[in-house]
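I have placed the structure first, in the form of structure tokens, so that the comments after it can refer back to it.
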Amino acid sequence: MRRGLATLAVGAVLVTGACGGGDPLSNEGGSAEDGQIIVGSADFAENQLLMEMYAEVLREGGAEVTTRPGVGNREFIVDGLQDGSLTIVPEYSGNLLHHFAEVAPGTSAEDIITSLDESLPAGLGILAPADAENSDVLVVTEETADRLELTSLADLGPQCDELVLGAAGEWAERWAEPIAELYDCTFAEIRTTDAGGPITVDELAGGNVDVANLFTTMSAIEENDFVELEDPERLYPAQQVIPLVRADALSDDQQAALDELSAALTTENLKEMVRRIEVDRENYADVAQEFVAGL
6 MRRGLATLAV GAVLVTGACG GGDPLSNEGG SAEDGQIIVG SADFAENQLL
56 MEMYAEVLRE GGAEVTTRPG VGNREFIVDG LQDGSLTIVP EYSGNLLHHF
106 AEVAPGTSAE DIITSLDESL PAGLGILAPA DAENSDVLVV TEETADRLEL
156 TSLADLGPQC DELVLGAAGE WAERWAEPIA ELYDCTFAEI RTTDAGGPIT
206 VDELAGGNVD VANLFTTMSA IEENDFVELE DPERLYPAQQ VIPLVRADAL
256 SDDQQAALDE LSAALTTENL KEMVRRIEVD RENYADVAQE FVAGL
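See below:
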């Protein structure tokens with residue numbers, strides 16, 4: 006394990022270009038309804054990286070584009086798209102669907118996209134999803150994986166009653182019943198840490214929890230040599246990167262350019278770009294512009 010990197014987590018680095026003070030949805034400087042394209046993001050590095058990619062693709066097509074990083078949680082983002090203070094944001098298919106409708110364990114990536122089309126409120130739309138995903142994943146240390154012979158959640162299930170899970174506060178309400186049904190897994194304790202952030206990483210690296218809920222593109226997984234447990238029964242839904250847009254706000258050419266970008270995004274190249282931001286401390290805008298220039 007590379008020591009001193011246990012606190013690396015998605016969103017742990019505040020990079021140049023993040024929002025300053027004030028209301029992130031303020032219409033100062035124009036609005037999407039004025040014909041200006043406003044690309045927003047949630048408040049973590051990967052989403053800001055994707056925001057800048059979308060913005061750069063649209064700028065290359067001649068559009069006037071403003072970025073608003075760090076808008077906030079999904080409720081703020083959806084409100085911004087609906088009130089015209091945002092035009093487009095990078096989203097994640099499974100969690101976006103969960104915001105509007107129930108997602109059953111085992112739901113395929115294709116079914117999630119179909120359900121999204123049917124569940125989005127009037128005025129919102131989605132473009133083509135990327136192959137790239139940033140999904141929930143349960144991870145353990147190498148020592149735990151070797152000692153308990155763990156490679157998947159199927160291996161984990163019979164041993165859960167002796168293990169402590171570290172996860173966000175809402176994990177138990179959302180996932181405790183499905184994981185019990187799919188894998189016969191009931192943890193000895195579910196300890197509230199944070200949503201895949203530095204607390205969760207530190208608790209696992211320090212041996213205070215045995216299993217942790219993280220996210221697949223996090224650089225902390227590789228930097229700490231954590232082992233991702235496979236999920237053959239699809240406890241967690243697919244989380245493809247997908248543009249969420251105001252309906253009719255982008256031209257056909259602009260949508261086609263964003264579809265081309267999505268087609269080039271994979272989980273591996275997204276993970277590498279996140280690593281450059283979180284570990285190498287590169288600016289997310291520079292990393293985004295380099296990727297778009299190579300399309």
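At position 197 of the sequence shown the residue is numbered 202 (this note's numbering), and the sequence of numbers has no breaks.
Backbone N, C-alpha and C fix where the C-beta goes; we use that ideal spot for every residue, glycine too.
For clarity, every value in this text was computed on a predicted model and none was experimentally measured.
For residue i: DSSP bridge partner residues
i: Gln245; result: Glu138
i: Tyr97; result: Val246
i: Leu55; result: In DSSP, Leu55 forms no bridge with anything.
i: Phe220; result: Asp141
i: Ala157; result: The sequence given here places Ser at residue 157; Ala does not occur at that position. Looking at the DSSP assignment, Ser157 forms a beta bridge with Glu235.
i: Gly162; result: Looking at the DSSP assignment, Gly162 forms no beta bridge with any residue, so it has no partner.
i: Val44; result: Thr72, Ile93
i: Leu170; result: Ile195, Val216
i: Arg251; result: Leu129
8 Å contact criterion, which residue i and residue j should meet: CB distance rounded
i: Thr156; j: Leu54; result: Their Cβ separation, rounded to whole angstroms, is 30 Å, which puts Thr156 and Leu54 out of contact at 8 Å.
i: Ala268; j: Ala114; result: In fact, because the Cβ distance is near 15 Å, the residues do not count as touching under 8 Å.
i: Thr205; j: Leu219; result: 7 Å
i: Ser124; j: Val94; result: In fact, because the Cβ distance is near 17 Å, the residues do not count as touching under 8 Å.
i: Ile118; j: Val108; result: Contact doesn't hold; Cβ gap of about 12 Å is too wide.
Cβ-Cβ distance between residue i and residue j below 8 Å
i: Asp188; j: Leu158; result: Before going further, note that residue 188 is Tyr rather than Asp in the sequence given. Yes; because the gap between Cβ atoms is below 8 Å, this pair is in contact.
i: Thr92; j: Ile43; result: yes
i: Asn274; j: Thr221; result: no
i: Gly66; j: Asp48; result: no
i: Leu249; j: Leu129; result: yes
i: Met58; j: Ala298; result: no
i: Glu167; j: Ala193; result: yes
i: Ala137; j: Gln245; result: yes
i: Ala50; j: Tyr289; result: yes
i: Val144; j: Ala217; result: yes
i: Arg196; j: Leu170; result: yes
i: Leu240; j: Trp176; result: no
i: Leu101; j: Leu86; result: no
i: Arg286; j: Ser224; result: no
i: Glu238; j: Gly99; result: no
i: Val232; j: Ala106; result: no
i: Thr71; j: Met56; result: no
i: Asp264; j: Ala60; result: no
i: Glu147; j: Asp230; result: yes
Delimiting residues of the alpha helix (DSSP H) encompassing residue i
i: Ala185; result: 176 to 188
i: Leu86; result: 79 to 88
i: Ala114; result: 114 to 124
i: Leu209; result: 203 to 210
i: Leu275; result: 272 to 283
i: Ala293; result: 289 to 298
Extent of the continuous beta strand (DSSP E) run through residue i
i: Ala261; result: First-last for Ala261: 257 to 269, but that is the alpha helix (DSSP H), not the beta strand (DSSP E).
i: Thr197; result: 194 to 197
i: Arg73; result: 70 to 73
Residue i CB to nearest heavy atom of the ligand ZN below 7 Å
i: Asn52; result: Ligands in the displayed structure: none, and consequently the ligand ZN is not present.
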